[in-house]
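Here the working numbering is used: the first residue of the sequence shown is 67, the next is one more, and so on. One structure is given below, encoded as structure tokens.
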Amino acid sequence: MPAIKKEIPKKDKEAVKPELFQSPKGMHDILPAEWILRDKVYKVAKEIAEFYNFSKIETPILENVELFVRGVGEVTDIVEKEMFTLRTKGGDKLALRPEITAPVMRSYLQHGSHKLPQPLKLYYLGPVFRHEKPQAGRYRQFTQLGFEIVGGESDPLYDAQSIIATYRFLEEVKVKNMTVQINSIGCRVCRPNYRRRLVEYYKKQKICKDCANRLDKNPLRLLDCKNEICAPVKIGAPSILDSLCSACKAHFKEVLEFLDEVGIPYSLNSHLVRGLDYYNRTVFEIFTEGSDLALASGGRYDYLAEMLGGRATPATGVAVGMERIIETVRADTAYQNHRFRPKVFLIHVGEVTKKKGLALIEEFRRENMPILEALGKDSLSAQLERAAKMKSPIALIFGQKEAYEESIIIRDMENGVQESVPLSKVVEEVKRRLKA
Ligand code: HAM
Numbered sequence: 067m068p069a070i071k072k073e074i075p076k077k078d079k080e081a082v083k084p085e086l087f088q089s090p091k092g093m094h095d096i097l098p099a100e101w102i103l104r105d106k107v108y109k110v111a112k113e114i115a116e117f118y119n120f121s122k123i124e125t126p127i128l129e130n131v132e133l134f135v136r137g138v139g140e141v142t143d144i145v146e147k148e149m150f151t152l153r154t155k156g157g158d159k160l161a162l163r164p165e166i167t168a169p170v171m172r173s174y175l176q177h178g179s180h181k182l183p184q185p186l187k188l189y190y191l192g193p194v195f196r197h198e199k200p201q202a203g204r205y206r207q208f209t210q211l212g213f214e215i216v217g218g219e220s221d222p223l224y225d226a227q228s229i230i231a232t233y234r235f236l237e238e239v240k241v242k243n244m245t246v247q248i249n250s251i252g253c254r255v256c257r258p259n260y261r262r263r264l265v266e267y268y269k270k271q272k273i274c275k276d277c278a279n280r281l282d283k284n285p286l287r288l289l290d291c292k293n294e295i296c297a298p299v300k301i302g303a304p305s306i307l308d309s310l311c312s313a314c315k316a317h318f319k320e321v322l323e324f325l326d327e328v329g330i331p332y333s334l335n336s337h338l339v340r341g342l343d344y345y346n347r348t349v350f351e352i353f354t355e356g357s358d359l360a361l362a363s364g365g366r367y368d369y370l371a372e373m374l375g376g377r378a379t380p381a382t383g384v385a386v387g388m389e390r391i392i393e394t395v396r397a398d399t400a401y402q403n404h405r406f407r408p409k410v411f412l413i414h415v416g417e418v419t420k421k422k423g424l425a426l427i428e429e430f431r432r433e434n435m436p437i438l439e440a441l442g443k444d445s446l447s448a449q450l451e452r453a454a455k456m457k458s459p460i461a462l463i464f465g466q467k468e469a470y471e472e473s474i475i476i477r478d479m480e481n482g483v484q485e486s487v488p489l490s491k492v493v494e495e496v497k498r499r500l501k502a
């Protein structure tokens, strides 16, 4: 016998409330309280970028999927596992950008930017999307600050400059105990040689399933494996530094000399290979003590332009994970006692003063003086309470009588002393009192 569907009575149906929506997994709201610290960090980013002559660039959040398949590499975690993709109504396959270096290069090639004075020093600050397993410091939407130096010569000076700008930014936002790990992964000439040595070595070892796959497709990534079977194998792997050609060796030596010159400490890590295919020569990652999540990472990518079908264009750059920075510096006392600009508080009593109050706020705006209000609240005590809570040094009380007489009461919130002043003089008087 077919199961009889039991109808839910209409009354009970109404009682079932739909579940509240949550933000997508690994993606977070950045609430107003969070912006105090975040804005400070962003401000420093802008100052550092401007000091080192990087100009701002913004590229679309969505890009053609192929840009990343070709640029970042087909056999990389980012492209294989982590891209959010979609098909448009017109049939285009787009991806939420999982990084911003390939888009910047796409833009450089698209606009014929090689005709401008080279190199182009560009910076960006914006959201990036990766379908990773969310955990502390690893999100599905996060913010990258990036510095890219595109065009000109493949000069080691530029590798050093992108590291210097990042290091100074991190210092300035109060990241402590930093380590710059650095390596060179060679070029088209010397890397195949190293790859061969690496494969020969790994073939003789017991390795995880993923690495067995990497052995054919992307052997350099063997050094990146976090699996416990592969960790001890990595220790005995041949060092790429022994396989570099003389041009790559000279390039790397100069990068290190530039860093020495400006006193940026670094440590060589011959196992550092990075998870994106476009790199050659210098690669680096910056860490803070006690965390194995990189705060910033980057390197040289001289072949990316050609991989995207463009002319050969040397380039180097870095991206900083802003959420990781914010979490690292949050506890620093420099961010605890932020100085705030005192704001007057406008209190109104009655409908007429509500309207006139709105006009008065505009007068304060013309003088660039911040003013708080609670025009949506009618009770005098509720407004006074709010003014005290906001630590306003002065409250302006605008009652019916004052509106009629074209005056307003200035109340010193500390001692409660009140004085009536003509409405036309109030901005001037408040300015005088706040300066005193
Ligand atoms: P990346 O190492 O993939 O490099 O990412 C750069 C930085 O983004 C990392 O060092 C980290 O701070 C942050 N990051 C990465 N994944 C996450 C995540 N799931 N949650 C939070 N933060 C994350 C690139 O993207 C290259 N485009 C960097 C570059 C620029 N190379 C040359 N120019």
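Note that CB positions come from ideal geometry on N, CA and C, so glycine has one too.
Whole angstroms are fine: how far does the CA of residue j sit from the CA of residue i?
i       : j       : result
Ile-476 : Asp-95  : 39 Å
Leu-307 : Val-321 : 14 Å
Cys-256 : Ser-309 : 7 Å
Cys-277 : Leu-288 : 6 Å
Lys-187 : Pro-164 : 21 Å
Thr-232 : Val-386 : 8 Å
Met-67  : Pro-84  : Unreliable placement is indicated for Met-67, whose pLDDT of 45 sits below 50; the coordinate value is still reported in the next sentence. Roughly 33 Å between the two C-alpha positions.
Phe-120 : Gly-212 : 10 Å
Glu-146 : Phe-195 : 14 Å
Gly-534 : Phe-430 : The chain is shown from 67 up to 502; residue 534 falls before or after that span and cannot be answered.
Pro-380 : Asp-326 : 23 Å
Ser-89  : Arg-206 : 11 Å
Val-496 : Leu-128 : 49 Å
Lys-422 : Gly-329 : 60 Å
Thr-348 : Val-216 : 15 Å
Leu-466 : Val-492 : The sequence shown places Gln at residue 466, rather than the Leu named in the question. Answer to the nearest angstrom: the Cα atoms are 17 Å apart.
Asp-444 : Leu-86  : 32 Å
Arg-498 : Ala-425 : 21 Å
Thr-151 : His-197 : 10 Å
Gln-184 : Gly-356 : 39 Å
Phe-134 : Asp-282 : 21 Å
Ser-220 : Arg-432 : 51 Å
Lys-242 : Leu-374 : 38 Å
Asp-343 : Gly-139 : 5 Å
Pro-298 : Phe-318 : 27 Å
Glu-485 : Ala-448 : 21 Å
Cys-291 : Pro-304 : 15 Å
Arg-377 : Ala-371 : 6 Å
Gly-203 : Gly-92  : 10 Å
Below 7 Å, is the gap between the Cβ of residue i and the nearest heavy atom of the ligand HAM?
i       : result
Arg-204 : yes
Thr-167 : yes
Ser-250 : no
Glu-355 : no
Phe-208 : yes
Leu-289 : no
Ser-363 : yes
Tyr-367 : yes
Glu-471 : no
Arg-390 : yes
Val-386 : yes
Arg-104 : no
Pro-196 : It is worth fixing the name first, because residue 196 is Arg in this sequence and not Pro. Checking the Cβ of Arg-196 against the ligand HAM gives yes.
Mind reading off the beta-carbon distance from residue i to residue j? Whole number of angstroms is fine, and I expect it under 8 Å.
i       : j       : result
Ile-427 : Ile-437 : 6 Å
Ile-248 : Tyr-332 : 5 Å
Ala-168 : Gly-137 : 3 Å
Gln-210 : Tyr-118 : Actually they do not touch by this definition, with Cβ atoms about 17 Å apart.
Glu-238 : Ile-114 : 6 Å
Leu-103 : Arg-396 : 6 Å
Practice problem: Scan the segment 357-409 and note each continuous beta strand (DSSP E) run of 3 residues or more that stays entirely inside, going in chain order. | Solution: 362-366, 381-387
Exercise. For the segment 218-242, list the alpha helix (DSSP H) runs that are entirely contained and at least 4 residues long, ordered along the chain.
Key: 222-238
Quiz item: Whole beta strand (DSSP E) runs in the segment 399-479 with 3 or more residues, listed along the chain?
Solution: 410-414, 437-439, 460-464, 473-478
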